[in-house]
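As numbered in UniProt numbering, the sequence shown has no gaps in its residue numbers, which increase by one up to the final residue, 296. Glycine included, every Cβ here is placed at the ideal spot set by N, Cα and C. Keep in mind that this is a model prediction, so the values were computed, not measured.
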Amino acid sequence: MAKIGFIGTGIMGHPMAMNLQKAGHSLFLSQHHDPAPADLLAGGAVALANPKEVVQEAEFIIVMVPDTPQVDDVLFRADGVAAGVGAGKVVIDMSSISPTATKAFAARINEKGAQYLDAPVSGGEVGAKAATLSIMVGGDSAAFERALPLFQAMGKNITLVGGNGDGQTAKVANQIIVALNIQAVAEALLFAAKNGADPAKVREALMGGFASSKILEVHGERMIKGTFDPGFRISLHQKDLNLALQGAKELNINLPNTANTQQVFSTCAAIGGSNWDHSALIKGLEHMASFSIRDN
Numbered sequence: 001m002a003k004i005g006f007i008g009t010g011i012m013g014h015p016m017a018m019n020l021q022k023a024g025h026s027l028f029l030s031q032h033h034d035p036a037p038a039d040l041l042a043g044g045a046v047a048l049a050n051p052k053e054v055v056q057e058a059e060f061i062i063v064m065v066p067d068t069p070q071v072d073d074v075l076f077r078a079d080g081v082a083a084g085v086g087a088g089k090v091v092i093d094m095s096s097i098s099p100t101a102t103k104a105f106a107a108r109i110n111e112k113g114a115q116y117l118d119a120p121v122s123g124g125e126v127g128a129k130a131a132t133l134s135i136m137v138g139g140d141s142a143a144f145e146r147a148l149p150l151f152q153a154m155g156k157n158i159t160l161v162g163g164n165g166d167g168q169t170a171k172v173a174n175q176i177i178v179a180l181n182i183q184a185v186a187e188a189l190l191f192a193a194k195n196g197a198d199p200a201k202v203r204e205a206l207m208g209g210f211a212s213s214k215i216l217e218v219h220g221e222r223m224i225k226g227t228f229d230p231g232f233r234i235s236l237h238q239k240d241l242n243l244a245l246q247g248a249k250e251l252n253i254n255l256p257n258t259a260n261t262q263q264v265f266s267t268c269a270a271i272g273g274s275n276w277d278h279s280a281l282i283k284g285l286e287h288m289a290s291f292s293i294r295d296n
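Right under this line is the structure:
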């Protein structure tokens, strides 16, 4: 069983850490930002003051925080991961952040003799709790093999995509597909309801055809019922689409539908929905249409 430092026990990180603990691994948690969760401590996790202390105790260091600046801080603050890391350690960033920044972070950690993996996940809070996350990994194949038992405790579909940064690139691509599918389902249900059809029955009919998808199944139902408590917040999906659009600018390519979906998310944010689940994108479309599929 491995000694694992886990930094970032929020909506996603907490259940991921819990699954590692259930698999028999030892956890070391940093309290530099928030107190360590009581249930993890009750299960045997050790709380330490900062990431440097965590690194000194652990073989693997997992980072699961919201965005690129937070990863930068955890890694390179004065008492951060880089201050304690060295040969034999594997640093695994499971956050969803900039592929470009990831390559720079990896180079700095690898220079210290450690190995760096970027391993963002897809599957949301439900997948984190059920240990069914898809994990997209970038980095050295030997480091990947060392870390594989940890990934298997947290997820099911685990792929070594390529070198450092390629895991984050795969995650950005994932978020483009998810966002555009959410908008497609939302537009279809809005169209159906505005045209006088029962959106629940339309969804039921579409589930049996080529339009069927996980988004239609899960998020389509949320749209119809109006259950928008976050599994994945709109603000986080906006962050991911910003990564896509910034990357597209760097690559001199155009992602017109991604940009359009980001604008609808911005409409949701403007009407107070930054913390809604991303399936609530439909509320942005409803706002612009002055029509709700749930009130008619």
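Residue i to residue j span [Cα, whole Å]
{"i": "K89", "j": "Q115", "result": "6 Å"}
{"i": "G226", "j": "R294", "result": "7 Å"}
{"i": "G138", "j": "A104", "result": "13 Å"}
{"i": "T100", "j": "G165", "result": "7 Å"}
{"i": "F144", "j": "N19", "result": "19 Å"}
{"i": "F232", "j": "E125", "result": "7 Å"}
{"i": "I61", "j": "F6", "result": "6 Å"}
{"i": "I253", "j": "A47", "result": "46 Å"}
{"i": "A106", "j": "I177", "result": "26 Å"}
{"i": "T79", "j": "N50", "result": "With the sequence shown as reference, residue 79 is identified as Asp, and Thr is not the correct amino acid for it. Approximately 6 Å between the Cα atoms of the pair."}
For residue i, the residue or residues it bridges with in DSSP
{"i": "R108", "result": "Note: R108 sits in no beta bridge, so no partner."}
{"i": "T159", "result": "M136"}
{"i": "K3", "result": "S26"}
{"i": "S122", "result": "S134"}
{"i": "V63", "result": "I7, D93"}
{"i": "L117", "result": "I92"}
7 Å CB neighbourhood of residue i in its chain, flanking five on each side removed
{"i": "I182", "result": "I215, H219, H278, S279, L281"}
{"i": "R108", "result": "A82"}
{"i": "H287", "result": "T267, I271"}
Proximal residues to residue i (C-beta, below 6 Å), its chain only, five neighbours per side dropped
{"i": "L284", "result": "The displayed chain sequence assigns Gly, not Leu, to residue 284. So the list reads V264, T267, C268, once near-sequence residues are dropped."}
{"i": "S98", "result": "T68, L243"}
{"i": "Q175", "result": "D240"}
{"i": "I119", "result": "Here residue 119 is Ala; the residue named in the question, Ile, does not match the sequence. Excluding residues within five positions, the ones whose Cβ falls inside 6 Å are I92, M94, I135, V137, G167."}
Residue range of the unbroken alpha helix (DSSP H) whose run includes residue i
{"i": "V85", "result": "Here V85 belongs to no alpha helix (DSSP H), and DSSP marks it neither H nor E."}
{"i": "I224", "result": "220-225"}
{"i": "H237", "result": "234-251"}
{"i": "N181", "result": "166-194"}
First and last residue of the uninterrupted beta strand (DSSP E) at residue i
{"i": "G47", "result": "Correcting the residue type first, residue 47 is Ala in the shown sequence and not Gly. 46-48 is the span of the beta strand (DSSP E), which, as asked, contains A47."}
**OP:** Could you tell me which uninterrupted alpha helix (DSSP H) segments, each at least 4 residues in length, are contained entirely in the stretch 253-289, listed from first to last along the chain?
**Re:** 256-270, 281-289
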